[in-house]
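Enquirer: One structure, as structure tokens, below. Some questions next.
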Amino acid sequence: MPKKNVSIIKFGGSCLTNKETKHSYHEENINWCCDQIQYLYQQQIPTIIIHGAGSFGHFEWNEVKTLLKSEKENNHINHNILMKIVETKHAVETLNHYLIKKCLKKNIPVIGISLFAYPSIHSQEFKELILKLLSQGCVPILHGDINFQNNVHYSASQLIPFKVISGDDIIDALSFHFATSNDIIEMDYSSVQFIFVTDVYGAYLTCPSNKNDLILKDLIKEIKVGNNEKEYSIELYDRNQNTSIHTEHNSIQTTITHQHDVTGGFERKLSTALRIAAKRGHTVFIIKSSTDYLKQLSNLNETAAIPFTFIGTKIYKDICN
Numbered sequence: 111m112p113k114k115n116v117s118i119i120k121f122g123g124s125c126l127t128n129k130e131t132k133h134s135y136h137e138e139n140i141n142w143c144c145d146q147i148q149y150l151y152q153q154q155i156p157t158i159i160i161h162g163a164g165s166f167g168h169f170e171w172n173e174v175k176t177l178l179k180s181e182k183e184n185n186h187i188n189h190n191i192l193m194k195i196v197e198t199k200h201a202v203e204t205l206n207h208y209l210i211k212k213c214l215k216k217n218i219p220v221i222g223i224s225l226f227a228y229p230s231i232h233s234q235e236f237k238e239l240i241l242k243l244l245s246q247g248c249v250p251i252l253h254g255d256i257n258f259q260n261n262v263h264y265s266a267s268q269l270i271p272f273k274v275i276s277g278d279d280i281i282d283a284l285s286f287h288f289a290t291s292n293d294i295i296e297m298d299y300s301s302v303q304f305i306f307v308t309d310v311y312g313a314y315l316t317c318p319s320n321k322n323d324l325i326l327k328d329l330i331k332e333i334k335v336g337n338n339e340k341e342y343s344i345e346l347y348d349r350n351q352n353t354s355i356h357t358e359h360n361s362i363q364t365t366i367t368h369q370h371d372v373t374g375g376f377e378r379k380l381s382t383a384l385r386i387a388a389k390r391g392h393t394v395f396i397i398k399s400s401t402d403y404l405k406q407l408s409n410l411n412e413t414a415a416i417p418f419t420f421i422g423t424k425i426y427k428d429i430c431n
């Protein structure tokens, strides 16, 4: 029996929710995401899902940050702060449970994993849990979460026992666990691909004014990285001929942000994707939700050329570097 690719997919919070409106689901995109997960499961493609919190959790954690800044007594969490931390935890779980419920209705054996009391997402224990679930045919669903730890530095002078672990932190940790070809062979998989699903068509040099329009101006087709994620060259789409042009850049200006985002927004996603390619050697794709690209990419070996029309951003390591 041929070995399968592993698909590790991060659905952005801005894809699953209306991020500017507190606790607001984006039903159309959520249904699309569940359809994609169902397709991957039916194709027997081992899949790990991570999702952001979007409008579930960011609002509450912003209030935590505000209260902590006004708290004069160091290393002390008063009742108001504790309640907002608990509300943050409840909010992120609400979105996770909603997505799981939708998947269960499609007969997909999804397993939600909370990171609240997990010692480390970089631990061997965490890796083994994920692999055991995959081996049983389950689809793990992880999410941006609150993690309970001792003495987490919130600022230079404050220590609190709670830490935010973002979806980008999780996908970065998974790329660490699947870092080498030996790891992949040992796990009995052919390759691993990482896909970020967002509310835009990919990474842009300059953010489009309307993220819902297909705008090729400044849309990055490929980013080729070296051994350092800060060293790369890019290839842009040619908006006039739907082809590509090559250019050298040492910085990409990404300012796609939301007022209540507490985990770094698109800039954080891009830096994570660059690190996965540079440090771990994996190919990463950034695609828009509600397109056919996720299904098409799922059957593609991570080193293969893309044999279909593709509008999105591919990030990969220069093997000659």
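At position 313 of the sequence shown (counting the first as 1) the number is 423 in this note's numbering, and the numbers step up by one without a gap. Heads up, the beta-carbon is just placed ideally off N, CA and C, and yes, glycines get one too. Only a predicted model underlies this, so the values are computations on that prediction, with no experimental measurement involved.
For S301, does the three-state DSSP call read helix, strand or coil?
Expert: Taking the first residue of the sequence shown as 1, we reach residue 301 at position 191. Correct three-state label for S301: strand.
Enquirer: Could you check how far apart the C-beta atoms of F166 and T131 are, in whole angstroms? I think they sit under 8 Å.
Expert: Position 56 of the sequence shown holds residue 166. Position 21 of the sequence shown holds residue 131. Going by Cβ atoms, the distance from F166 to T131 rounds to 11 Å, so no, they are not a contact pair.
Enquirer: Between the C-alpha atoms of R390 and S301, what's the straight-line distance to the nearest angstrom?
Expert: As a first step, residue 390 must be located in the sequence shown, where it is residue number 280. As a first step, residue 301 must be located in the sequence shown, where it is residue number 191. Whole-angstrom Cα-Cα distance: 13 Å.
Enquirer: With a Cβ-Cβ cutoff of 8 Å, do P219 and I158 count as a contact?
Expert: The count along the sequence shown starts at 1 and reaches residue 219 at position 109. The count along the sequence shown starts at 1 and reaches residue 158 at position 48. No, they are not a contact pair.
Enquirer: Measure the alpha-carbon distance for K194 versus F272 and round it to whole angstroms.
Expert: Within the sequence shown, the letter at position 84 stands for residue 194. Within the sequence shown, the letter at position 162 stands for residue 272. About 12 Å.
Enquirer: Hey, would you say the C-beta of A227 is under 7 Å away from at least one heavy atom of the ligand SAH?
Expert: For the structure depicted, the ligand SAH is absent and the ligand set is empty, with no information on it obtainable.
Enquirer: From D145 to R385, what distance separates their C-alpha atoms?
Expert: Indexing the sequence shown from 1 puts residue 145 at position 35. Indexing the sequence shown from 1 puts residue 385 at position 275. Those two C-alpha atoms are separated by around 29 Å.
Enquirer: In whole angstroms, give me the CA-to-CA distance for E170 and L239.
Expert: If you number the sequence shown from 1, residue 170 lands on position 60. If you number the sequence shown from 1, residue 239 lands on position 129. Cα to Cα, the separation comes out at about 30 Å.
Enquirer: By Cβ distance, which residues of its chain are closer than 7 Å to D282, with the 5 residues on each side in sequence left out?
Expert: The count along the sequence shown starts at 1 and reaches residue 282 at position 172. Contacts found: T382, R385 and I386.
Enquirer: Mark E235 as exposed unless 16 or more other C-beta atoms lie within 10 angstroms of its C-beta, in which case mark it buried.
Expert: Here residue 235 refers to the residue found at position 125 when the sequence shown is read from its first residue. Per the 10 Å Cβ criterion, exposed.
Enquirer: What is the rounded straight-line gap between the Cα of K179 and the Cα of L192?
Expert: Your numbering for residue 179 matches position 69 in the sequence shown. Your numbering for residue 192 matches position 82 in the sequence shown. So the alpha carbons of these two residues sit roughly 14 Å apart.
Enquirer: Assign F304 to one of two classes, buried (16 or more other C-beta atoms within 10 Å of its C-beta) or exposed (fewer than that).
Expert: The sequence position of residue 304 within the sequence shown is 194, counting from 1. Buried, because 16 or more other Cβ atoms sit within 10 Å of the Cβ of F304.
Enquirer: Comparing alpha-carbon positions, which option in K212, Y299, T393 and S224 lies nearest A201?
Expert: Residue numbering aside, residue 201 sits at position 91 when the sequence shown is read from its first letter. Nearest C-alpha to A201: S224.
Enquirer: Specify, as a first and last residue, the run of the alpha helix (DSSP H) that D402 falls within.
Expert: Locating residue 402 in the sequence shown gives position 292, where the first residue counts as 1. D402 -> no alpha helix (DSSP H), and no H or E assigned at all.
Enquirer: Exposed or buried, P229, counting other C-beta atoms within 10 Å across all chains shown (16 or more means buried)?
Expert: If you number the sequence shown from 1, residue 229 lands on position 119. When all chains shown are included, P229 counts as exposed.
Enquirer: Quick one: what does DSSP say E345 is sitting in, helix, strand or coil?
Expert: Indexing the sequence shown from 1 puts residue 345 at position 235. Note: E345 maps to strand in three-state DSSP.
Enquirer: Could you tell me the distance, in whole angstroms, from the CA atom of T117 to the CA atom of D278?
Expert: Taking the sequence shown and counting its residues from 1, the one referred to as residue 117 is at position 7. Taking the sequence shown and counting its residues from 1, the one referred to as residue 278 is at position 168. Position check: residue 117 holds Ser in this sequence, whereas Thr was assumed. Those two C-alpha atoms are separated by around 15 Å.
Enquirer: Around the C-beta of L214, are 16 or more other C-beta atoms found within 10 angstroms, so that it is buried, or is it exposed?
Expert: Against the sequence shown, residue 214 aligns to sequence position 104. By the neighbour-count rule (16 or more Cβ atoms within 10 Å), L214 is not buried but exposed.
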